Each structure stands twice: as structure tokens, then as C-alpha cells.
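Report on the following structure.
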Amino acid sequence: MSDSDVNSCASGPRVVIIDYKLGNVRSVANALEAVGATVEISSNPDTLKNAEALILPGVGAFEDGMNNLRTLGLVELLNELVLVQKKPILGICLGMQLMAKTGFENGIHTGLGWLDAEVVRFDFTGEISHLKVPHVGWNDVRFVKESPLSGELNAPHSYYFVHSYYMRCADTTDVAGVCEYGHEFTVALQRDNICGVQFHPEKSQKHGLALMKSFLTEAHQLVEAVC
Amino acid sequence: MLKKRLIPCLFLKNGFLVRSEKFEYHQLLGNAIHQVERFNAWEVDELIYIDITSDDVYDIRRDDLKVKSEDNILTILEAVSKTCFMPLTFGGRIRSIQDIHDRVSRGADKVTVNTQAILDPGFITEASKIFGSQAIIVSIDVKSTKQEEYEVFYNHGKTATGLHPVEWAREAEKRGAGEIFLNSIDRDGSAEGYDIELVRQVSDAVRIPVIACGGVGQFKHFSQGIVDGNADAVAAGNIFHFTELSTKRARKELIKSGVDVRN
């Protein structure tokens, strides 16, 4: 066992927010710190490797997100950490969308492909054509399965959203939470160690902070179990 | 269902929190950072800060009030974003992509752009390409002209554009704005309620969310903005500073009018 492994067992959850030059990393860090995490913002491979849990944040376009991950040489590293080593990861907004196979924002783009899903634009026609895009503001989320993200099932809380594209999962067992805007769509997902939310927990006041805490607690327990 | 939003709007002048009236008179309310804890306790849906400092103002600092001026908007933003876990918008004095970057990297989720968008509408497109439409709010200040026509003004409401707000809002949407922040100069600080006609005209003309501002003096004005004006969000400044339990009472009034707001 290396020194870093020993340290990780002794301290609180050590989280690394993946810095790929897109998104509100400061806000995410503030929220994680508020729930007791030790936070680093980094794109350094060694730092990422030593994290107990990773956060993939992101505000911006799908193509830019993937390009930045590639330019920083992070795609293969993340594949290794997430798919092979099963490190807990939480994707937020674009960070969640990038976990899909394909994104249809301004063209067709290949995503990280960890989940059999695609990212498509809201397209409201007919009776719901008055609905505005982006979907921005507070909306109720209903959690549909037990996951590190769901506090209590069947007790919807409002979370803050701001997005024009949403994720469509081919495998419905990946879906952890849904929301209604024009139609029902996936806003929280979980498969093994991979979690993602379309809304912004770091901007959703107490319920958002509770979700982050729940994710971290689960991640921390995983690490402790290994020790 | 997507909730309608209730948003306090905080105007900053030379780093002080101020009350605004007709864009001309500004009354000192206190130090922006000291007030952060209060805003946090409000549990509102978002906060909008607008820096209305113009280059030609004199320093309104008064030592006897024991308030210190924060001369740097970015310092204020950093302090606010440390404890405010809700969407934050910072606007005012944004002239370049770097200005937006400075705010977003310190915790702002969105910025409002006003004068620069008028001077160079291409700036809206450029900014929304880089930061996403959702981060770019075009702020529109409207005044009624002598002919009783609505007209867009910029440069702190001082300079006329010849543009009708409906025309400009559509243009802003086309160029990539994610939201419209619509403020009535005539109603600013008046406590007479929103200019409902103006709010409805603009809300009905665009498919992006419209945030109404300017004129709220009573809690029922909020629901009027949504029910009669078709706004997606209602903002106000003064009522939040001068009224006890303002957010609770505003929310109660909105629910009573059948508006779906966050509990």
C-alpha cells in the first residue's frame, strides 16, 4: 500500500474536480467544500489518479468539451480510472452529457461513451411549441431508483437546471431520476461507479448540497472498504 | 413543471449596494459583502448583481456610516459565490470576452450584457458561442418617449437607440442570447408595479425566458408580472431591502395567484 492510499483512508473525502477549461469549477468547489470535502481542481494525471472521487463539471458545448478533454490527454486516463479502476465519478450538466456515446449539439460528436446514450436538443412542436429552450430554472426531480444520488425516493425536490440538450438513455436501468418539461426526460443517471446529473446541485441550495454529500459519502465508504 | 422564478436584483455602485430610482438617484444601502449572509438566508431562486458604476460618478463614501467601499466587483463576486449556492448573475460594465471570463471563472453562472450588445450585436453571438447561450443574458433598458412609444436606451439609460424593445429582444434572441432581462427606466424605484404592457409585448415576442424588472412596490406586483405580463421570472431590488420577510411574503402571494413557484 502506498503512502497516498494510507492518507486517503485517514482523511475526509478527497475530491478532484476535473479542470478541462469549461465550466463553473469554482462554484462546484465551493459547494463540495461546504459539505466537508477536500477539493482540488486539476487536470494533472497524478492528481486525478489519487482522488477518491472525481467530478466532471461543465458548462458549454459538447464538441468543445470533448476537444478540451482530448487536448489535455484526459480521455484515455479517464477511461482507465472510471471503467477499469471503477473510481466514483459524478458528471454535472455537460459533464454528464459527455458520458454519452454521441452528442448532437452543432453536428454529430463522439462522447466518452461510458453509457449507451445520446444527447439531443429539446424539440417542442404542436401543443407544447410554446415551451422555451433553454430549459432554465427550478424544476422537480423524481428519483426512480436507489443510487448515491437519491436521498428519498418519491419525494420530489426542485433543482436548478439550465440546458438546451438532454440525455436519452438506451438502457433504462441507467436512469436514476427524471423530470418533466414538455415530456419526461432523464436528469439523473447511475451505473456502477458512474453518476451524472443534468441539473446543478452546486446551485440547488440545500437539496443540491445534500445530493453532493450523499455521493461523497458513498464514494468515501468505497475507499474505506478497500483499505 | 418548471417553476417561475423570484429574483432579487442588487445594484452596486462603486462597490456599494444602492437603491436606484429612474436610473438617476442612488441611495446607499451598505457594503455588498456584509449583506451576503442576508441574501443567502432569503432562499430565493437566483440573485442578480448589476454593477451600475459609471466612470463619471463621484465617490459616495461616507466615513460616518462605517461602510467600506469594495472597489473591485470581482472581489465581491468571489465572496458571494463562496456561500451562495444558487444561480448567480453578474452584469454591468461588461465590454469584452475577458470580462465575461473573469466573472464566470469566479462563480458567476451568467452575465448580463447591455451597452456592448447595442454597440456590437455580434458580441452576443461571440459570447454565447464561447460560454453557451444559457450564460448570456441581454439586458434591455426601456423608456417611453414623448410619442409614448417604447424605446431601448443604453449607457446607463442615457443614450437612445431608436430601437423598439420587441425588435431588439428578437434580434438578441436570434444572435444567441439565452434570456432577456427587461428593465423599465420609468418604473425604476417608482413602486407602481411593472410596466405590464411592455413585459407582455417582449415576453410574447421571444422564445427565450424574460425576466421582468422595475417598479415592484407591493407583493402583488410579482404575480402581475407573471400572470398578466407572461414573464418567466420576476425581479426586483428595493422591496427586498426595505421589507421584512420579503421573499416569504412574495412567494406566498405568487402561490395565492396560482403561480407555480419553488416551495
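As you go down the protein sequences, you meet chains E and V in turn.
So the working numbering is basically just the index in the first sequence, starting at one, shifted up by 842.
So the working numbering is basically just the index in the second sequence, starting at one, shifted up by 7.
Glycine included, every Cβ here is placed at the ideal spot set by N, Cα and C.
This structure is a prediction, so every number in the text was calculated from the model and none was measured.
query: Which complete beta strand (DSSP E) runs does the region 971 to 1035 of chain E hold, if anything under 3 residues is left out?; result: 977 to 985, 999 to 1005, 1007 to 1011, 1017 to 1023, 1025 to 1033
query: So who's on the other strand from Q231 of chain V, going by DSSP bridges?; result: Q231 of chain V pairs with nothing; no bridge assigned.
query: Short check: CB of A243 of chain V to CB of C16 of chain V, under 8 angstroms?; result: yes
query: Terminal residues of the continuous alpha helix (DSSP H) containing P172 of chain V?; result: 172 to 181
query: Among the residues of its own chain, which have a CB less than 7 angstroms from the CB of P998 of chain E, if the five just before and after it don't count?; result: D982, V983, R984
query: When DSSP builds the beta bridges, which residues end up paired with F97 of chain V?; result: V:Y56, V:V118
query: Flag A212 of chain V as yes if its beta-carbon sits less than 8 angstroms from any beta-carbon of chain E, otherwise no.; result: no
query: If you follow the alpha helix (DSSP H) that R912 of chain E is in, where does it begin and where does it stop?; result: 904 to 913
query: Going by the CB atoms, is the gap between Q154 of chain V and G200 of chain V shorter than 8 angstroms?; result: no
query: Could you have a look at D211 of chain V and say whether DSSP puts it in helix, strand or coil?; result: helix
query: Assuming A240 of chain V and I14 of chain V form a contact by the criterion Cβ under 8 angstroms, report the distance between their Cβ atoms to the nearest whole angstrom.; result: 6 angstroms
query: Give the C-beta separation of I144 of chain V and G99 of chain V to the nearest angstrom, bearing in mind that I take them to be a contact with Cβ-Cβ under 8 angstroms.; result: That belief does not hold up - the Cβ atoms of I144 of chain V and G99 of chain V are roughly 12 angstroms apart, past 8 angstroms.
query: Can you grab the Cα-Cα spacing for the pair A176 of chain V / S210 of chain V, in whole Å?; result: 9 angstroms
query: Tell me where the beta strand (DSSP E) around P15 of chain V begins and ends.; result: 12 to 20
query: If you reduce the DSSP assignment to three classes, tell me which class V917 of chain E lands in.; result: helix
query: With a threshold of 8 angstroms between beta carbons, is V961 of chain E in contact with chain A?; result: Looking at the structure shown, chain A is missing, and the protein chains on hand are E and V.
query: Using only alpha-carbon positions, find the residue among V:I215, V:R110, V:K10 that is nearest to D173 of chain V.; result: Checking the displayed sequence, the identity of residue 173 of chain V turns out to be Val instead of Asp. Nearest C-alpha to V173 of chain V: V:I215.
query: Secondary structure at F138 of chain V, three-state DSSP: helix, strand or coil?; result: helix
query: Where does F138 of chain V land, buried or exposed, given buried means 16+ other C-beta within 10 angstroms?; result: buried
query: Quick one: what does DSSP say T283 of chain V is sitting in, helix, strand or coil?; result: Nothing about residue 283 of chain V can be reported from this structure: the residues present for chain V run from 8 to 270 only.
query: Give the single residue among V:E133, V:V120, V:D193, V:E204 whose Cα lies nearest to the Cα of K29 of chain V.; result: V:D193
query: Once you ignore the five residues that flank I203 of chain V on each side, which residues in its own chain have a CB closer than 8 angstroms to its CB?; result: Q231, G232, D235, G236
query: Identify whether Q34 of chain V lies in helix, strand or coil by the three-state DSSP scheme.; result: strand
query: Taking C-beta pairs closer than 9 angstroms, name the residues in chain E that P216 of chain V reaches, listed in chain order.; result: K974, P976, V978, G979
query: Buried or exposed for D116 of chain V, going by 16 or more other Cβ atoms inside 10 Å?; result: buried
query: From I262 of chain V to G953 of chain E, what distance separates their C-alpha atoms?; result: 42 angstroms
query: Counting only the same chain and skipping the five closest in sequence on each side, list residues whose C-beta sits under 7 angstroms from that of S253 of chain V.; result: I246, F247
query: Leaving out five residues on either side along the sequence, give the residues of the same chain with a beta carbon under 6 angstroms from the beta carbon of Y1007 of chain E.; result: E947, V961, R963
query: Taking 6 angstroms as the limit between beta carbons, can you name the residues of its chain near G933 of chain E, skipping five residues before and five after?; result: L898, M941, G1038
query: Name the residue from V:M8, V:V51, V:I59 whose alpha carbon lies nearest to the alpha carbon of V25 of chain V.; result: V:I59
query: Residues bridged to V268 of chain V by DSSP?; result: V:K11
query: At a CB-CB cut-off below 8 angstroms, which residues of chain E make contact with P94 of chain V?; result: Y1002, V1004, H1042, K1045
query: In the DSSP assignment, find the beta strand (DSSP E) that holds V877 of chain E and state where it starts and stops.; result: First-last for V877 of chain E: undefined, no H or E at that position.
query: Might you give, ordered along the chain, the residues of its own chain that have their beta carbon closer than 8 angstroms to the beta carbon of K1055 of chain E, omitting 5 neighbours on each side?; result: V877, G878
query: I'd like to know whether the C-beta of V159 of chain V is nearer than 8 angstroms to at least one C-beta of chain E.; result: no
query: From the DSSP output, in three-state form, read off I262 of chain V for me.; result: helix
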